[in-house]
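Here the protein sequences line up with chains A and B, keeping their order.
Throughout the first sequence, residue numbering follows the numbering used here, covering 20 to 276 in sequence.
Throughout the second sequence, residue numbering follows the numbering used here, covering 4 to 216 in sequence.
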Amino acid sequence: MTQGKHTINLTLKVWRQNGPGDKGRFDTIPVRDVETHMSFLEMLDWVNETLTMEGKEPIAFDNDCREGICGMCGCVVDGVPHGPAKAMTLCQLHMRKFDDGDVIAIEPWRARAFKVVKDLIVDRSALDRIIQAGGYISINAGNAPEANAVPIPMGMAEKAMDAAACIGCGACVAGCPNASAMLFVSAKISQLALLPQGRPEAAQRALKMVATMDAEGFGNCSNHRVCEAVCPKSISIVNIARMNREYIKAGLVSEVA
Amino acid sequence: MNWLMQTLSSSIGKKLLMALTGLSFLGFLAAHLAGNLTIYAGPDAFNAYADKLQSLGPVLRVAEAVLLTFFTIHVVTGVFLFLQNLAARPARYAVSRNPGGKTLGSATMPYTGLLILVFVVFHLLNFTFVDKTGTTVFQIVAASFQNPVYVGLYVLAMVIVALHVSHGFWSFFQTLGLNHPKYMPLVSGAGIILSLVFGIGFGFLPIYIAFMA
Ligand code: FES
Chain A
20 MTQGKHTINL TLKVWRQNGP GDKGRFDTIP VRDVETHMSF LEMLDWVNET
70 LTMEGKEPIA FDNDCREGIC GMCGCVVDGV PHGPAKAMTL CQLHMRKFDD
120 GDVIAIEPWR ARAFKVVKDL IVDRSALDRI IQAGGYISIN AGNAPEANAV
170 PIPMGMAEKA MDAAACIGCG ACVAGCPNAS AMLFVSAKIS QLALLPQGRP
220 EAAQRALKMV ATMDAEGFGN CSNHRVCEAV CPKSISIVNI ARMNREYIKA
270 GLVSEVA
Chain B
4 MNWLMQTLSS SIGKKLLMAL TGLSFLGFLA AHLAGNLTIY AGPDAFNAYA
54 DKLQSLGPVL RVAEAVLLTF FTIHVVTGVF LFLQNLAARP ARYAVSRNPG
104 GKTLGSATMP YTGLLILVFV VFHLLNFTFV DKTGTTVFQI VAASFQNPVY
154 VGLYVLAMVI VALHVSHGFW SFFQTLGLNH PKYMPLVSGA GIILSLVFGI
204 GFGFLPIYIA FMA
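Here is the structure:
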């Protein structure tokens, strides 16, 4: 294996916006000698170093763990949330996915429910408010109950875990042609609805979380399945079907209002 | 009944309305196609079918009223959803690409829907709300399809219907939450077959009539 350096030259077209009130614009930034071993965020760090040296404002972007588990990072790269690689967060994307001479457009998540805070950073607290509306179970504090007291079939546990893989990054909203948050909400509803511990509050949860989702100004689902394609955790739209079922049951059959 | 309004006016409720009314149109299309196929048995068979349909009287009127109501719900809800979805993303992306998922059918749903609305009005003015004294339904239809523009328009309309159905059929199941690993491949397949049946079944009729008459 050759261990030599691989470098490429790029042109970034980055969305710059000073604050929520600013109109915003694209800045064209030529970047030379990008090492292909860098992650996308390391590349941005590197660009920011140069910008800072030049006395310019660095590009603001969200990130935290940089190992694909926290859900903080994410921009729309060349029209695709989290960039061209499937099932991958932006922090896990490496520059070897790009070619020398590429022009890369970098934009923030765009949705009415996600206001731009600065440059590539958006306010995703709308997702938190959906969770606060019902994305939890109520249990008495105290000793943890015996783990095997409630039997859960392996298949169910697996499905719940698949839904629970959602890191709440918002890529589904960003990718959806309608800026709908249904994949996110359905994953959060599903991870609890599938387990016995989640059943007592299932109807209440479905009604409240969907009502909050609507009130936050997200769009409606038209079954395009783009969300599923851009989700870094490959969460399936089967969860949306489950949410629809849960919601219809809760609204039309359950006694909860 | 507050609970009912609340459920139906939510994002999922509106999808539910679209799905249920949409499914009823598939039933209508199937019945309409079955009737139209009598054309292959000759003008008399077709006229007899039209007379038989009219002789149903009140039953037909009720069916028409139900269809019209469903149609109105489908169109109004659809327009509402379309505008809401536009508003959900006030700032568009400078670069956008389909990363997978979106199909021609799904991407054009509001537009094919609108075109179908225009076509239905046109079609009704053409063949339904016309003076039928001293002539037969077949004569009216045959006369229209002497004009190649009509034939083209009708065939195009049927391609649009097929596109709409190709996304609509499986969407019905997804929206109602009728998603099952064993049946979903069947549903997707059936949707494609159904859209082909409607597209070809209806679309070939004007061509046949044009050449036969
Ligand atoms: S920074 Fe944590 S997932 Fe990317």
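C-beta: ideal position from N, C-alpha, C; glycine also.
Top-ranked residue by Cα proximity to residue i, from the options
| i | options | result |
| --- | --- | --- |
| residue 55(B) | 90(B), 10(B), 38(B), 197(B) | 38(B) |
| residue 61(A) | 43(A), 103(A), 106(A), 112(A) | 112(A) |
| residue 143(A) | 100(A), 168(A), 91(A), 124(A) | 91(A) |
| residue 94(B) | 39(A), 77(A), 123(A) | 39(A) |
| residue 84(B) | 261(A), 256(A), 240(A) | 240(A) |
| residue 87(B) | 41(A), 78(A), 121(A), 197(A) | 197(A) |
| residue 82(A) | 68(A), 75(A), 101(A) | 101(A) |
| residue 148(A) | 163(A), 236(A), 86(A), 251(A) | 236(A) |
| residue 203(B) | 132(B), 32(B), 7(B) | 32(B) |
| residue 213(A) | 42(A), 177(A), 41(A) | 177(A) |
| residue 55(A) | 105(A), 140(A), 120(A) | 120(A) |
| residue 112(B) | 185(A), 219(A), 242(A) | 242(A) |
| residue 212(B) | 34(B), 141(B), 96(B) | 141(B) |
| residue 122(A) | 57(A), 141(A), 96(A), 138(A) | 96(A) |
| residue 150(A) | 43(A), 183(A), 110(A), 274(A) | 183(A) |
| residue 320(A) | 125(A), 264(A), 173(A) | In the structure as shown, chain A begins at 20 and stops at 276. Residue 320(A) is therefore absent and cannot be evaluated. |
| residue 224(A) | 124(A), 72(A), 155(A), 88(A) | 155(A) |
| residue 163(B) | 117(B), 190(B), 149(B) | 117(B) |
| residue 45(B) | 92(B), 155(B), 145(B) | 145(B) |
| residue 19(B) | 184(B), 81(B), 186(B), 5(B) | 81(B) |
| residue 67(A) | 57(A), 79(A), 58(A) | 79(A) |
Pair within 8 Å by beta-carbon distance, residue i and residue j
| i | j | result |
| --- | --- | --- |
| residue 227(A) | residue 179(A) | no |
| residue 168(B) | residue 209(B) | no |
| residue 257(A) | residue 105(B) | no |
| residue 172(B) | residue 197(B) | yes |
| residue 24(B) | residue 73(B) | yes |
| residue 220(A) | residue 157(A) | yes |
| residue 181(A) | residue 34(A) | no |
| residue 238(A) | residue 96(B) | no |
| residue 141(A) | residue 215(A) | no |
| residue 29(B) | residue 205(B) | no |
| residue 130(B) | residue 143(B) | yes |
| residue 71(A) | residue 53(A) | no |
Residue i versus residue j - alpha carbon distance
| i | j | result |
| --- | --- | --- |
| residue 133(A) | residue 200(A) | 11 Å |
| residue 199(B) | residue 165(B) | 6 Å |
| residue 65(A) | residue 117(A) | 16 Å |
| residue 123(B) | residue 192(B) | 27 Å |
| residue 24(A) | residue 36(A) | 34 Å |
| residue 207(B) | residue 52(B) | 19 Å |
| residue 270(A) | residue 90(B) | 26 Å |
| residue 20(A) | residue 115(A) | Caution applies to residue 20(A), whose pLDDT of 43 falls short of 50 and renders its modelled position unreliable; the value that the coordinates give is listed next. Residue 20(A) and residue 115(A): Cα-Cα distance of roughly 16 Å. |
| residue 43(B) | residue 185(A) | 56 Å |
| residue 218(A) | residue 268(A) | 13 Å |
| residue 26(B) | residue 70(B) | 11 Å |
| residue 166(A) | residue 179(B) | 34 Å |
| residue 201(B) | residue 262(A) | 31 Å |
| residue 210(A) | residue 253(A) | 15 Å |
| residue 43(A) | residue 74(A) | 20 Å |
| residue 273(A) | residue 146(A) | 26 Å |
| residue 99(B) | residue 103(A) | 12 Å |
| residue 182(B) | residue 10(B) | 21 Å |
| residue 259(A) | residue 127(B) | 38 Å |
| residue 160(B) | residue 153(B) | 10 Å |
| residue 50(B) | residue 133(B) | 15 Å |
Neighbour-count burial assignment, residue i, 16 or more Cβ in a 10 Å radius
| i | result |
| --- | --- |
| residue 84(A) | exposed |
| residue 266(A) | buried |
| residue 174(B) | buried |
| residue 47(B) | exposed |
| residue 57(B) | exposed |
| residue 64(B) | exposed |
| residue 170(B) | buried |
| residue 162(A) | exposed |
| residue 214(B) | exposed |
| residue 21(B) | buried |
| residue 174(A) | exposed |
| residue 222(A) | buried |
| residue 69(A) | exposed |
Is the number of C-beta pairs between the segment 128–136 of chain A and the segment 186–204 of chain A that are closer than 8 Å three or more? The segment 128–136 of chain A, when compared against the segment 186–204 of chain A, does touch it at the 8 Å Cβ threshold.
Are there three or more Cβ pairs, one per stretch, closer than 8 Å when the segment 229–244 of chain A is compared with the segment 7–22 of chain B? With a cut-off of 8 Å on Cβ pairs, the segment 229–244 of chain A is in contact with the segment 7–22 of chain B, counting three or more such pairs.
Looking at C-beta atoms only, is the number of pairs between the segment 72–85 of chain B and the segment 137–148 of chain B that lie closer than 8 Å three or more? Counting Cβ pairs under 8 Å, fewer than three are found: no touch.
Can at least three beta-carbon pairs, one atom from the segment 44–52 of chain A and one from the segment 28–36 of chain A, be found at a separation below 8 Å? The segment 44–52 of chain A makes contact with the segment 28–36 of chain A; the number of CB pairs closer than 8 Å reaches 3 or more.
Does the pairing of the segment 245–254 of chain A with the segment 202–217 of chain A give three or more beta-carbon distances under 8 Å? Counting Cβ pairs under 8 Å, three or more are found: they touch.
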